[in-house]
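In order, the protein sequence lines correspond to chains A and B. Residues 3 to 554 (my numbering) make up the first sequence, in order. Residues 3 to 554 (my numbering) make up the second sequence, in order. To keep things clear, I will list the structure first and then write my remarks on it.
2 protein chains.
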Amino acid sequence: MFEASGQTFSAHLRQRRLERCHADLGNRLYGHLSISDICYRWGFNDSAHFSRAFREQYEVSPRQHRQQANEASQQTLRRTLQRGWPTGYHEPADDAAPPRGPDGSDAPGPVAARAAAPLSAPVPPPERRAGRHHHLPANDKTIHWGYFSRAIPPVLTVDSGDIVTIETLTQHAYDDHDRMIKGDSGAESVFHWTAERKNVDRRGAGPVDASIFGRGSGEGFGVHICTGPVYVRDAKPGDVLEVRILDLLPRLSANAKYEGRTFGSNAAAWWGFHYDELLTEPKPREVVTIYEIDCNQGGGCAHAVYNFRWTPQRDPSGVLHPTIDYPGVPVDRASIVENHGVLKNVRIPTRPHFGVIAVAPVETGLVDSVPPAYFGGNIDNWRVAKGATVYLRVGVDGGLLSVGDPHASQGDSELCGTAIECSLTGVFQIVLHKAEDLKDEPYADLNYPLVETPEEWVLHGFSHPDYLREFGDKARSAIYEKSSLDLAMRDAFRKTRRFLMTAKGLSEDEAISLMSVAVDFGVTQVVDGNWGVHAIIRKSLFTDGTAAPASG
Amino acid sequence: MFEASGQTFSAHLRQRRLERCHADLGNRLYGHLSISDICYRWGFNDSAHFSRAFREQYEVSPRQHRQQANEASQQTLRRTLQRGWPTGYHEPADDAAPPRGPDGSDAPGPVAARAAAPLSAPVPPPERRAGRHHHLPANDKTIHWGYFSRAIPPVLTVDSGDIVTIETLTQHAYDDHDRMIKGDSGAESVFHWTAERKNVDRRGAGPVDASIFGRGSGEGFGVHICTGPVYVRDAKPGDVLEVRILDLLPRLSANAKYEGRTFGSNAAAWWGFHYDELLTEPKPREVVTIYEIDCNQGGGCAHAVYNFRWTPQRDPSGVLHPTIDYPGVPVDRASIVENHGVLKNVRIPTRPHFGVIAVAPVETGLVDSVPPAYFGGNIDNWRVAKGATVYLRVGVDGGLLSVGDPHASQGDSELCGTAIECSLTGVFQIVLHKAEDLKDEPYADLNYPLVETPEEWVLHGFSHPDYLREFGDKARSAIYEKSSLDLAMRDAFRKTRRFLMTAKGLSEDEAISLMSVAVDFGVTQVVDGNWGVHAIIRKSLFTDGTAAPASG
Numbered sequence: 003m004f005e006a007s008g009q010t011f012s013a014h015l016r017q018r019r020l021e022r023c024h025a026d027l028g029n030r031l032y033g034h035l036s037i038s039d040i041c042y043r044w045g046f047n048d049s050a051h052f053s054r055a056f057r058e059q060y061e062v063s064p065r066q067h068r069q070q071a072n073e074a075s076q077q078t079l080r081r082t083l084q085r086g087w088p089t090g091y092h093e094p095a096d097d098a099a100p101p102r103g104p105d106g107s108d109a110p111g112p113v114a115a116r117a118a119a120p121l122s123a124p125v126p127p128p129e130r131r132a133g134r135h136h137h138l139p140a141n142d143k144t145i146h147w148g149y150f151s152r153a154i155p156p157v158l159t160v161d162s163g164d165i166v167t168i169e170t171l172t173q174h175a176y177d178d179h180d181r182m183i184k185g186d187s188g189a190e191s192v193f194h195w196t197a198e199r200k201n202v203d204r205r206g207a208g209p210v211d212a213s214i215f216g217r218g219s220g221e222g223f224g225v226h227i228c229t230g231p232v233y234v235r236d237a238k239p240g241d242v243l244e245v246r247i248l249d250l251l252p253r254l255s256a257n258a259k260y261e262g263r264t265f266g267s268n269a270a271a272w273w274g275f276h277y278d279e280l281l282t283e284p285k286p287r288e289v290v291t292i293y294e295i296d297c298n299q300g301g302g303c304a305h306a307v308y309n310f311r312w313t314p315q316r317d318p319s320g321v322l323h324p325t326i327d328y329p330g331v332p333v334d335r336a337s338i339v340e341n342h343g344v345l346k347n348v349r350i351p352t353r354p355h356f357g358v359i360a361v362a363p364v365e366t367g368l369v370d371s372v373p374p375a376y377f378g379g380n381i382d383n384w385r386v387a388k389g390a391t392v393y394l395r396v397g398v399d400g401g402l403l404s405v406g407d408p409h410a411s412q413g414d415s416e417l418c419g420t421a422i423e424c425s426l427t428g429v430f431q432i433v434l435h436k437a438e439d440l441k442d443e444p445y446a447d448l449n450y451p452l453v454e455t456p457e458e459w460v461l462h463g464f465s466h467p468d469y470l471r472e473f474g475d476k477a478r479s480a481i482y483e484k485s486s487l488d489l490a491m492r493d494a495f496r497k498t499r500r501f502l503m504t505a506k507g508l509s510e511d512e513a514i515s516l517m518s519v520a521v522d523f524g525v526t527q528v529v530d531g532n533w534g535v536h537a538i539i540r541k542s543l544f545t546d547g548t549a550a551p552a553s554g
Numbered sequence: 003m004f005e006a007s008g009q010t011f012s013a014h015l016r017q018r019r020l021e022r023c024h025a026d027l028g029n030r031l032y033g034h035l036s037i038s039d040i041c042y043r044w045g046f047n048d049s050a051h052f053s054r055a056f057r058e059q060y061e062v063s064p065r066q067h068r069q070q071a072n073e074a075s076q077q078t079l080r081r082t083l084q085r086g087w088p089t090g091y092h093e094p095a096d097d098a099a100p101p102r103g104p105d106g107s108d109a110p111g112p113v114a115a116r117a118a119a120p121l122s123a124p125v126p127p128p129e130r131r132a133g134r135h136h137h138l139p140a141n142d143k144t145i146h147w148g149y150f151s152r153a154i155p156p157v158l159t160v161d162s163g164d165i166v167t168i169e170t171l172t173q174h175a176y177d178d179h180d181r182m183i184k185g186d187s188g189a190e191s192v193f194h195w196t197a198e199r200k201n202v203d204r205r206g207a208g209p210v211d212a213s214i215f216g217r218g219s220g221e222g223f224g225v226h227i228c229t230g231p232v233y234v235r236d237a238k239p240g241d242v243l244e245v246r247i248l249d250l251l252p253r254l255s256a257n258a259k260y261e262g263r264t265f266g267s268n269a270a271a272w273w274g275f276h277y278d279e280l281l282t283e284p285k286p287r288e289v290v291t292i293y294e295i296d297c298n299q300g301g302g303c304a305h306a307v308y309n310f311r312w313t314p315q316r317d318p319s320g321v322l323h324p325t326i327d328y329p330g331v332p333v334d335r336a337s338i339v340e341n342h343g344v345l346k347n348v349r350i351p352t353r354p355h356f357g358v359i360a361v362a363p364v365e366t367g368l369v370d371s372v373p374p375a376y377f378g379g380n381i382d383n384w385r386v387a388k389g390a391t392v393y394l395r396v397g398v399d400g401g402l403l404s405v406g407d408p409h410a411s412q413g414d415s416e417l418c419g420t421a422i423e424c425s426l427t428g429v430f431q432i433v434l435h436k437a438e439d440l441k442d443e444p445y446a447d448l449n450y451p452l453v454e455t456p457e458e459w460v461l462h463g464f465s466h467p468d469y470l471r472e473f474g475d476k477a478r479s480a481i482y483e484k485s486s487l488d489l490a491m492r493d494a495f496r497k498t499r500r501f502l503m504t505a506k507g508l509s510e511d512e513a514i515s516l517m518s519v520a521v522d523f524g525v526t527q528v529v530d531g532n533w534g535v536h537a538i539i540r541k542s543l544f545t546d547g548t549a550a551p552a553s554g
């Protein structure tokens, strides 16, 4: 048979493998797999060799074939471009493999082993330590970009009571490379992207090559640069992590030209609440405003430096980005016009905080970092600031705490899609509360991120508080279709009632009356798919000694 | 013919008139007319005489007939009991007539004449006065209950710059007659309701006899006791009224037993956000909590005295109220159980404010007081407090300012349907800004209630900012069906952008960025049909001298 067709067996086998690869590359359901993933899958051990063989056979490169085959669906998908995953796209289970191996390489490994055996974590001394101070820098080895997962190997292991200084980087730093990246070895390592090499290739929970969704190379779903995760020794599912934000400082520009100064970026982007409602031309448009945080004022104020309208950007991999489809695409300065003198009589009192603080979700696979949920995540509440404490229910061994999406200032609603996105470094104390010791604690009954400030309890409601479970396979697209403040309000109401009944011992009637006459509900954000409404309960309402005593 | 049937002509005429009355009383489309209205309409001049004749003819009283005829539709309507008007109910144009004549009598008069010639207003001296101080008590002659209308004759006329002390009464005072009404001649005159006489018969914008809607006698749609209206001389449509709240005090109990003390009521009622979501039995239920405002603490705190579960109440006209279908129904103390010791470790810092502040809508007819709209009305924002200023666009000659729905404290959202409803007296200065002088003023571009506090601008968005126009004939029911925080958020966004562009001279891009990084959006209320989201713009953001200078 082989002779009849003029082929040797090995040639036939190669032919079949190429055909399988050709089919898979043309199948959008395999779009989450990289080209390398696909060629390895069918027995090619060398992607350069595969590429040459493919081109010889089909007269196009694997990437070109993939693009052509998916052109029609690309066009459809572009029209429904959304921050979440396109409806109907199903991620195969094996995509749960994380992108970074224990040593920072690209080699994947078994999920459970990694979470259980954090190879990069320091080995603790056998005796219990208290208050040891760690430093966690932000670089391409210590961050994960755009997703949460129980499968990400921890970059640090701590004991309860330890203090960790965690550097965080804003994913919007490339909006002004000169001010926010240049000279900063950590930021440079994270954002490094040339035609030859992209240090952080995996961005977001979707396919590494997201071009089939009308997105650029390496742009999946989920956008936040998160530092971590941190493995907390002895943390088990059901425990509660208390994360105290002891201090917080803006990251200085490492460019000598801007010595001692700090900058941030605000992108009024296509996922903003305003985008379909613009009044003035050209419509639609995306506008980036660069702010300076006035460090000589103690960081207490920010002012705008300039803004620019987004122009189509071709990334180093050759993909054109007509919109800000993914933060982190290098901006060609020659292509934009800086408008200086904007917001010239405006000074913004800063509210530096972390937009993202999360433990790993219990679900397997990679979880889009945009929608907040029971595990915390992209809460985007400016009250997650210095002096505040965040309580999170541990879902997996070690908790796997990540922090990111740093903001210099945000208003309740984060209306245009982003805050003043600005790299920050925080000092955190991490305290573990074992499940068996939670009784009578205010956080005993936690299934959402609870924030405590010196004056207030801040409870977070979401449109769909457990959207991954609620929507199942469709969660990653459905959550963006079903955004609703009304539902978030209902969730915040339910959580507040529950908190008042369990943590404060009120009857339902007492809780409902108190909520109506004294608890304030506000709009956390309307841009993260899973929209948020928070409830603010002042501690001064209570005179029973469980909180700061009321005056008088 | 008359002899053939054994009737005289006058007997025949009476017979025909009775038949017409019989038909109209059985027609739910005439349900907004009182029985007297109907008998007058068909030529009876004496309602007692009519009643006797009717009973003689039909062997039931007019009221009984009306009830029987409408029983089926009552049952249907009861099932869809809602705060607004039932869908499909159309108010004939002639219902525009207000209930109170210029002298406080029940005789109606032509609408335009009344607004143009406020007979009860003091005659002003010819010279322009400034800062004259008026007192407007609250009694059955100075309040209107549950509706706004350009047709309500003013009870006071003032000049721009005048100061008016306005007493306001809470419509929930009958929840504890002893503490909130007894001995208070103003409150007693407003709430007086016996089988023989109901001082304020017209309550709400609906039919005076609302029994066909499953509501009690005299319970229309709209619930707030409002004092006024106040006619502002020279105010013309297009002008802006600036209403400054100079001072504000709780109303003391007039019962010697509670000398020097003040009380309020919080009703967790069927129109609350929580009502369909109760956890504990019995479900559903309505609960009233009586609070005391700690006057010896300067009114700065409130605490609960007791609560009680609502029990079916039979009003003095004989109608049973299984739910709190309308505030103001006398509560039979023997029918309820007072639970003392509730919320015993809770003290609520008060936020005394006026829930309702309104100019007359431009529409004719009576307008339900519950849904806020462009004319202000039931804003229910606790920031409408001492030191705040409310700007309202004048819609009709004189503006016709009304104030009511006083609250001792409310949380953002007013979740259970009410605040601590507590009678208050305020001192207001009313300043008229003529349309031609508005240029460059922050309130130049106003089509909603704008609130200014010493530190902030507070802009009010609603689900349907001009619902009367938007929904036309169906507005009074539609607004309750279409409540949505998402729409209110959109409206608040649009208003905030407009304010920043017109009052602060920002470009659209500047406004949108500033909104996202520094403006806070909160949930005003989710219980007034037309749900509210407000935007808070801190004055300290601006350093251009148009507001308080920023620090540093």
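Note that beta-carbon positions come from the ideal geometry of N, C-alpha and C, so glycine has one too. The structure displayed is predicted, hence computed values, not measured ones.
{"Item": "Heavy atom of the ligand ATP within 7 Å of Val358/A beta-carbon", "Value": "Because no ligand of any kind appears in the structure shown, any question about the ligand ATP cannot be addressed here."}
{"Item": "Own chain residues within Cβ distance below 8 Å of Ile338/B, not counting five before or after", "Value": "Phe310, Arg311, Trp312, Thr313"}
{"Item": "Alpha helix (DSSP H) segment containing Phe495/A, residue limits", "Value": "487-504"}
{"Item": "Per-residue contacts from Thr596/A into chain B (C-beta, under 8 Å)", "Value": "Residue 596/A lies beyond the residue range present for chain A, which begins at 3 and ends at 554; the question has no answer from this structure."}
{"Item": "Closer than 8 Å to chain B by CB, Leu280/A", "Value": "yes"}
{"Item": "Listed by chain order, chain A residues near Ala375/B by CB distance under 9 Å", "Value": "By Cβ distance, chain A contributes nothing, its closest Cβ being about 20 Å from Ala375/B, past 9 Å."}
{"Item": "Given Phe328/B as reference, the closest of Gly28/B, Tyr445/B, Gly206/B, Leu138/B once Cα atoms are compared", "Value": "Checking the sequence shown, residue 328/B turns out to be Tyr, not Phe. Here the closest residue by C-alpha is Gly206/B."}
{"Item": "Contact set between Ile326/B and chain A, taken where Cβ atoms lie within less than 8 Å", "Value": "Those within 8 Å of Ile326/B in chain A number zero; the least Cβ separation is about 14 Å."}
{"Item": "As assigned by DSSP and simplified to three states, the class of Ser267/A", "Value": "strand"}
{"Item": "8 Å Cβ cutoff met for Gly406/B and Thr229/B", "Value": "yes"}
{"Item": "7 Å Cβ shell around Tyr260/B - same chain, five flanking residues per side excluded", "Value": "Arg181"}
{"Item": "is_contact[Ala175/B, chain A] using C-beta, thresh 8 Å", "Value": "no"}
{"Item": "Under 8 Å between C-beta atoms of Val331/B and Asp317/B", "Value": "yes"}
{"Item": "Three-state secondary structure (DSSP) of Val113/A", "Value": "With a pLDDT of only 27 at Val113/A, under the threshold of 50, the placement of this residue in the model should not be trusted; the figure read from the coordinates follows. Val113/A: helix per DSSP, three-state reduction."}
{"Item": "Helix, strand or coil at Gly1/B [DSSP, three-state]", "Value": "Outside the modelled stretch of chain B, which goes from 3 to 554, sits residue 1/B, for which no answer is possible."}
{"Item": "CB contact below 8 Å: Ser415/B versus chain A", "Value": "yes"}
{"Item": "Cα-Cα separation between Ile165/B and Tyr293/B, rounded to whole angstroms", "Value": "31 Å"}
{"Item": "Limits of the unbroken beta strand (DSSP E) element including Tyr469/B", "Value": "It is not in any beta strand (DSSP E) - Tyr469/B instead sits in the alpha helix (DSSP H) that spans 469-473."}
{"Item": "Selected residue, minimal CA-CA separation from Leu500/B, among Leu280/A, Leu502/A, Asp203/A", "Value": "The question names Leu, yet the displayed sequence has Arg at residue 500/B. Closest option to Arg500/B, Cα to Cα, is Leu280/A."}
{"Item": "For Gln527/A, the three-state DSSP class (helix, strand or coil)", "Value": "strand"}
{"Item": "Chain A contact for Glu458/B (CB, 8 Å cutoff)", "Value": "no"}
{"Item": "Sub-8 Å separation of Phe544/A and Asn341/B beta-carbons", "Value": "no"}
{"Item": "Beta strand (DSSP E) segment containing Tyr176/B, residue limits", "Value": "Where Tyr176/B is concerned, there is no enclosing beta strand (DSSP E), given that its DSSP letter is neither H nor E."}
{"Item": "Limits of the alpha helix (DSSP H) - the one that Val519/B falls within", "Value": "510-520"}
{"Item": "For Val396/B and His466/A, the rounded distance between their alpha carbons", "Value": "42 Å"}
{"Item": "Closest Cα partner of Asp241/A within the set Arg471/A, Asp439/A, Pro451/A", "Value": "Asp439/A"}
{"Item": "Residues near Leu417/B by beta carbon distance below 8 Å, same chain, minus five either side", "Value": "Gly274, Phe275, His276, Val528, Val529"}
{"Item": "Simplified DSSP assignment, three categories, for Arg540/B", "Value": "strand"}
{"Item": "Best match in Leu470/A, Ile538/A, Glu244/A for proximity to Val433/A [C-alpha to C-alpha]", "Value": "Glu244/A"}
{"Item": "Beta-carbon spacing of Ala520/A, Ile350/B below 8 Å", "Value": "yes"}
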